[in-house]
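Positions in the sequence shown are counted from 1; adding 32 to them yields my numbering.
Glycine included, each C-beta is placed from N, C-alpha and C at the ideal position.
Working notes for the structure below.
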Amino acid sequence: MDPTVAVVFVAVWVAVGLITGGWMVRRGHDPRWLLIAVALGPIFVPVALERVERRPRLAGAGPDGIPAPRGQTPGGPRVLVGTDGSPEAEQALRTAVGLLGAHCGVLVLAEVVSYDATEADTRAALEAARPRLATTATELADEIPLRFEVLAGPPGPALRRFAEDQDMDLVVVGRRGRGLSARLLGSVSADLVQHSPVPVLVVEPAARPAPSDTPRRQRSAPPPAR
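Here you go:
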């Protein structure tokens, strides 16, 4: 085979795999599908079309279940906080609690996992999310009643759908992702701001403390000449 033809063939093969795998990841599937997609190239296209789910869904409800309808909950805003265990998400939760606190009628903390994490043989992410959310809910129990849910799908659409279905008044998320991850998966905050029918509060990361100035050692005076 001519070397030029071989290079073009490999480039097209890899490009088709990357495009198909990237599309699948952006639709809420595990990023590891990219490796399989690159290896299989065009062969992976029908696999992706078969496996991709179209609608985000609830993967696991907390012990209190999903929020009751508006008329059956205390008055006050219904707030959804998206989290992934990152410092940015923790800052978003602190901001939501600080601004609204006990005034919330419903406060739900939601983490989004990939569709694949809900399958019987790949539930590690789902099983890790539940205790993480439960720990946060327990820590804040004295300040405010907090529900938690695990959603499956692409993060932005999953949060949007849950907020709309549960009649939320506000979605709170941290701003995160400006590099390759944002290009590959998309920015969750940008997706929500552009497409959410529910108002969105995007919390900036906490400012890092400036490094303290280390005092320079003063040079000792030279000993007097004898």
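Sixteen is the threshold: since fewer than 16 other Cβ atoms of the shown chains lie within 10 Å of the Cβ of Val44, the residue is exposed. Look at the beta carbons and you see the segment 158-172 touching the segment 85-94: at least three pairs across the two are nearer than 8 Å. For the options Arg59, Ile176 and Thr167, the alpha carbon positioned closest to that of Glu82 is the one of Arg59.
Note that the C-beta distance between Leu191 and Val144 is below 9 Å. For Thr115, no alpha helix (DSSP H) encloses it; the enclosing beta strand (DSSP E) starts and ends at Arg110 to Thr115. Cβ-Cβ distances below 6 Å link Gly206 to Glu120, Ala121, Gln123, Ala124 and Val235 in the same chain, with the five nearest sequence neighbours on each side left out; the list follows chain order. For the pair Ala169 and Phe180, the Cα-to-Cα distance works out to about 7 Å. Assignment of Ala195 by DSSP, reduced to helix, strand and coil, places it in the helix class.
The shortest C-alpha to C-alpha distance from Thr105 to any of Phe41, Glu196 and Pro177 is the one to Pro177. Annotated three-state conformation of Val235 is strand, per DSSP.
Contact annotation, Ser146 with His227: C-beta distance approximately 20 Å; criterion of less than 8 Å not satisfied. Beta bridge pairing from DSSP links Gly92 with Val182.
In summary, Arg110 is buried, with 16 or more beta-carbon neighbours lying within 10 Å of its beta-carbon over all protein chains present. Sequence-distant partners of Gln198 (beyond 5 residues in either direction) whose C-beta falls short of 6 Å from its own C-beta, in its chain, are Pro99. Considering only Val70, Gly188 and Leu131, the residue with the shortest C-alpha distance to Ala142 is Gly188.
Under a 10 Å Cβ-count criterion, Val39 is classified as exposed, with fewer than 16 other Cβ atoms of the shown protein chains found around its own Cβ. Looking at Pro63, Pro35 and Ala69, the one whose alpha-carbon comes closest to that of Val46 is Ala69. When Thr127, Gly107 and Arg102 are compared, the shortest CA-CA separation from Val113 is found for Thr127. Closest in alpha carbon position to Phe76, among Leu90, Pro88, Arg89 and Trp55, is Trp55. Just so you know, the alpha carbons of Leu90 and Gly73 end up roughly 32 Å apart.
Of all alpha-carbon atoms in Ala166, Cys136 and Glu85, the one lying nearest the alpha-carbon of Val204 is that of Cys136.
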